[in-house]
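To start, the structure under review is shown below, and the notes come after it.
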Amino acid sequence: MRLDKAPRIELVNGSAILRWGDEAIVIPKLRHGVLFLMSGYIGSQLWGCEYRLSLDYLRGRVVNEKVISGLLEHSRQLGVREEGFGLEIGWNPVVINRGEEGVYFFNEKMRNWIGYADFTKPFIQEASLVMVRNNVPILGLPDLIINVDGEPTYVIELKTTDNPRNVRVVRGRESFQAESYYHMLTYLGFKPKGVAIIKVVRGAGFRIIDNLDIITRHMDEPEGAVVLTKNVVLHRVRVKPFDEFMRDVDYALEYWLGLRNPRPNPSPGLCSTCDHRRSCPFAVVR
Ligand code: SF4
Numbered sequence: 019m020r021l022d023k024a025p026r027i028e029l030v031n032g033s034a035i036l037r038w039g040d041e042a043i044v045i046p047k048l049r050h051g052v053l054f055l056m057s058g059y060i061g062s063q064l065w066g067c068e069y070r071l072s073l074d075y076l077r078g079r080v081v082n083e084k085v086i087s088g089l090l091e092h093s094r095q096l097g098v099r100e101e102g103f104g105l106e107i108g109w110n111p112v113v114i115n116r117g118e119e120g121v122y123f124f125n126e127k128m129r130n131w132i133g134y135a136d137f138t139k140p141f142i143q144e145a146s147l148v149m150v151r152n153n154v155p156i157l158g159l160p161d162l163i164i165n166v167d168g169e170p171t172y173v174i175e176l177k178t179t180d181n182p183r184n185v186r187v188v189r190g191r192e193s194f195q196a197e198s199y200y201h202m203l204t205y206l207g208f209k210p211k212g213v214a215i216i217k218v219v220r221g222a223g224f225r226i227i228d229n230l231d232i233i234t235r236h237m238d239e240p241e242g243a244v245v246l247t248k249n250v251v252l253h254r255v256r257v258k259p260f261d262e263f264m265r266d267v268d269y270a271l272e273y274w275l276g277l278r279n280p281r282p283n284p285s286p287g288l289c290s291t292c293d294h295r296r297s298c299p300f301a302v303v304r
């Protein structure tokens with residue numbers, strides 16, 4: 019594992035190889051033909067519905083106006099360009115981490131490899147983090163890292179919503195996703211100090227990128243929620259020990275390695291917003 023060289027994925031005679039410095043890691047065959055995992059999947063597997071994730075790969079997932087407006091708000095909040103989403107309204111196949119598209123996506127993300135970042139700048143948007151477990155690459159894309167004294171110090175994850183009630187709630191899968199970036203930074207040799215999720219109602223008169231001083235001031239306080247302004251809440255996330263995090267990663271990997279079937283987790287909250295509820299045998303809401 020090297021910071022000065024970003025890892026890359028290559029397809030060679032039908033096998034996927036992760037090249038990282040002098041190492042060439044043969045990626046095992048994973049379910050649905052994926053080549054790497056997104057760190058956010060693990061939280062969805064443990065606290066969302068893993069069966070839904072498997073159906074996403076088998077049948078596709080729905081992109082609607084809300085998804086698009088969420089991506090646009092993300093770009094506005096973080097001051098990044100929104101071009102290149104490549105999504106169309108309706109059912110879309112999941113190609114982000116499969117086949118040639120997956121290789122392209124992973125390698126393109128390495129332009130923002132954390133090892134190439136300039137930590138003397140106040141912040142870094144959408145840096146790329148990678149960890150490897152059981153020869154499986156896991157890609158993490160934190161929305162924002164705030165640097166303090168030349169070190170990546172605080173991880174900020176943004177979640178947008180169109181319902182003001184949602185800004186007060188953080189779900190287990192969201193916490194895990196944000197926390198995973200903390201642990202991935204630690205794995206790569208950094209010493210981050212804190213993680214937070216900022217929940218924003220789309221169109222709120224507040225922009226994260228313009229309020230980093232206020233956000234940073236709250237990051238050293240104990241875990242919990244702070245209302246930054248109307249419809250914008252910062253939730254500091256409790257970070258569990260690294261070995262507990264790795265136990266969760268290992269459980270999630272068992273599915274991708276084909277060692278167990280996907281676990282359904284039906285509930286009114288999850289099923290009512292699931293694209294597959296009409297065909298899923300476990301659905302409790304149609
Ligand atoms: S309908 Fe419910 S149980 Fe079925 S995949 Fe969706 S969330 Fe899971």
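Residue numbers (my numbering): 19 to 304.
From the three backbone atoms N, C-alpha and C, an ideal C-beta is built for every residue, glycine too.
What you are looking at is a predicted structure, and each value in this text was computed from that prediction instead of being measured.
Integer-rounded CB distance, given that residue j should sit under 8 Å from residue i
i, j, result
"I60", "I45", "In fact, because the Cβ distance is near 17 Å, the residues do not count as touching under 8 Å."
"V112", "G78", "7 Å"
"Q63", "A270", "5 Å"
"V185", "V250", "7 Å"
"L176", "H50", "L176 to H50, Cβ: 28 Å. No contact."
"V81", "G108", "7 Å"
"T178", "G88", "5 Å"
"K127", "L159", "7 Å"
"I27", "N153", "That belief does not hold up - the Cβ atoms of I27 and N153 are roughly 12 Å apart, past 8 Å."
"P182", "P210", "Actually they are not in contact, since the Cβ atoms of P182 and P210 sit about 30 Å apart, beyond 8 Å."
"F54", "L157", "5 Å"
Length of the line joining the Cα atoms of residue i and residue j
i, j, result
"L71", "R304", "18 Å"
"K248", "Y172", "23 Å"
"W274", "P282", "15 Å"
"P299", "V188", "28 Å"
"L147", "L21", "10 Å"
"I226", "L90", "14 Å"
"K47", "G32", "10 Å"
"M264", "V255", "17 Å"
"I142", "R295", "38 Å"
"D268", "G207", "21 Å"
"G190", "W65", "6 Å"
"I232", "L252", "11 Å"
"D74", "G276", "17 Å"
"V121", "Y69", "25 Å"
Three-state secondary structure (DSSP) of residue i
i, result
"R151", "strand"
"N283", "coil"
"I114", "coil"
"L21", "coil"
"A222", "coil"
"A301", "coil"
"L277", "coil"
"L288", "helix"
"L271", "helix"
Any C-beta of chain D under 7 Å from that of residue i
i, result
"V219", "Considering every chain present, this structure includes no chain D. It has just one protein chain."
Review point. Whole alpha helix (DSSP H) runs in the segment 33-109 with 4 or more residues, listed along the chain?
Key: 57-65, 68-77 and 83-96
Practice item. Mind listing, in chain order, the continuous alpha helix (DSSP H) runs of no fewer than 4 residues lying wholly within the segment 229-265? Key: 230-237
Check your understanding: Which whole runs of the beta strand (DSSP E) in the segment 120-203 are 3 residues long or more, in chain order?
Key -> 141-143, 147-151, 154-158, 162-166 and 169-179
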